[in-house]
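Structure first, then comments.
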Amino acid sequence: MTVGKLALVLSGGGARGAFQAGALIEVLSFFERTNRRINILSGTSVGALNGLAVAQAPTLAAARAEIESHWKNITNDDIYKIRGWEIFGLMLKFATTRMDLWPTVEGVDSLFDNTPLYKRYVEGYLNMDLVRARKIVDEFFVSLCSLSTGEAYHRSITGEPDEGKAREYIMASTITTVAYPPVRTVVADPEIPSHLRDIPQYYADGGISNKTPLKAIFHAGDVKELFVVNTYPSYPTKTEQSIKSRFPNVFSMLMRTALELLPNLYFLRDIETVKDVNNDLEAWEKIKTAALSAAHDQGTRTQLAEIFKREESKFSFKDGDKHIITPVIIAPDEELPVQDTEFVQPKLGETFEMGQDKARKVLSTLGMNMEK
Numbered sequence: 302m303t304v305g306k307l308a309l310v311l312s313g314g315g316a317r318g319a320f321q322a323g324a325l326i327e328v329l330s331f332f333e334r335t336n337r338r339i340n341i342l343s344g345t346s347v348g349a350l351n352g353l354a355v356a357q358a359p360t361l362a363a364a365r366a367e368i369e370s371h372w373k374n375i376t377n378d379d380i381y382k383i384r385g386w387e388i389f390g391l392m393l394k395f396a397t398t399r400m401d402l403w404p405t406v407e408g409v410d411s412l413f414d415n416t417p418l419y420k421r422y423v424e425g426y427l428n429m430d431l432v433r434a435r436k437i438v439d440e441f442f443v444s445l446c447s448l449s450t451g452e453a454y455h456r457s458i459t460g461e462p463d464e465g466k467a468r469e470y471i472m473a474s475t476i477t478t479v480a481y482p483p484v485r486t487v488v489a490d491p492e493i494p495s496h497l498r499d500i501p502q503y504y505a506d507g508g509i510s511n512k513t514p515l516k517a518i519f520h521a522g523d524v525k526e527l528f529v530v531n532t533y534p535s536y537p538t539k540t541e542q543s544i545k546s547r548f549p550n551v552f553s554m555l556m557r558t559a560l561e562l563l564p565n566l567y568f569l570r571d572i573e574t575v576k577d578v579n580n581d582l583e584a585w586e587k588i589k590t591a592a593l594s595a596a597h598d599q600g601t602r603t604q605l606a607e608i609f610k611r612e613e614s615k616f617s618f619k620d621g622d623k624h625i626i627t628p629v630i631i632a633p634d635e636e637l638p639v640q641d642t643e644f645v646q647p648k649l650g651e652t653f654e655m656g657q658d659k660a661r662k663v664l665s666t667l668g669m670n671m672e673k
């Protein structure tokens, strides 16, 4: 039996979530075959929505069917409406205002109106009784970020007593700034001065600070198995497609930098943290084993064991009952055929199948060491 918790982490990525959905079909099948339970499920942006479908499903098979149904039928109209004249009006204001004053110009706060998404996939979909039933997921978290303070939050939907607040957390997690309007609400934070705690702030996608919310998972402690489904390639991708790619205007360069490259740097940083913790744990165990083996009698070994137990609590790599983790990462090999706001068929179907194919390849290489 596996000791420790299993964590499943779902990244953001908008329409790229079709890749994640396809991969989830295979991952959930793998969990079913190997009798694995999801102890921690964490999602941001589209990962929060895919995660919700899993968290409130009665069985792994039902979760697979629900996810596939969503992504085989979803369209742009289910997600957003374009703010045509409002954007045009704002552009006119910019054209007649000095550039240094642009941040003060009043106008529309997003390119799209995401009311359709809220109505269909949050307000009309979230069932707190099903989430709290914990049929296949023990704890479901979403990540969000305050645009006011820059603080990132990892909130439990399972443990949230207020359904309205849970809806706000999920909705905020889906917000890509500029594309969609932020959510204005209050998030409990004891570090905020008491006289400021009830002031609503603007919140958006946790992917602003971390597209793949790994750090909060590590802080949860006792994680032994980690599965990550990322919707972006693990950069750098030195492929022909990447090398020949073009960025024809300022918006394409902004999206490439802010939505793709920068968030991936956080992901790579967190994966390096996993490797560092693994190395520290392995080195510590070797030191203990060598010292205890060199002891000449049982009394000395007992004393040394007590010293090690006392001293190891001072090391950060032992904080939270950490284990050596070999992450299972499922991510595209190259750029996907869809962009974040491109909820169109047949591209979504093609992307969905790419996720399935990649997950099958990754899971098939795990070998018998992953079997219980």
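Start counting the sequence shown at 302; every next residue gets the next number (the numbering used here).
The beta-carbon is built from N, C-alpha and C at its ideal position, and this holds for glycine as well.
A residue is called buried when at least 16 other Cβ atoms come within 10 angstroms of its Cβ; L329 meets this threshold and is buried.
Measuring C-alpha to C-alpha distances from D430 to each of P359, A489, V575 and E367 identifies P359 as the nearest. Comparing alpha carbon positions, the residue from T538, A434 and I476 closest to N565 is T538. Looking at A363, L555, L307 and A354, the one whose alpha-carbon comes closest to that of N336 is L307.
In this structure, the straight-line span from the alpha carbon of I437 to that of I518 is close to 18 Å.
Between G352 and G313, the gap from beta carbon to beta carbon reaches 8 Å or more. Contact check between the stretch 438-449 and the stretch 404-422: fewer than three CB pairs, one atom from each, fall below 8 Å, which does not count as touching.
Restricted to the stretch 603-648, the beta strand (DSSP E) segments that are unbroken, complete and at least 3 residues in length are 629-631, listed in chain order. DSSP links D414 through a beta bridge to K382. Annotation for L431: the continuous alpha helix (DSSP H) segment containing it runs M429 to A434.
Taking the Cβ atoms as the reference, A324 lies roughly 20 Å from Q542, outside the contact range of under 8 Å.
One Cα belongs to R468, the other to G600, and the distance between them is close to 58 Å. Per DSSP, R468 lies in no beta strand (DSSP E) segment; the continuous alpha helix (DSSP H) that holds it begins and ends at E464 to S474. A Cβ-Cβ distance of about 26 Å is found for the pair T459 and R317, leaving them out of contact under the 8 Å criterion. Residue pairing by DSSP leaves I375 without any beta bridge partner. At the C-beta level, V409 and L391 come within 8 Å of one another. F548 carries a coil assignment under DSSP once its states are collapsed to helix, strand and coil.
With 16 or more other Cβ atoms from the protein chains shown falling within 10 Å of its own Cβ, Q357 counts as buried.
Contact between T345 and D490 is absent: CB atoms are separated by about 18 Å, not below the 8 Å threshold.
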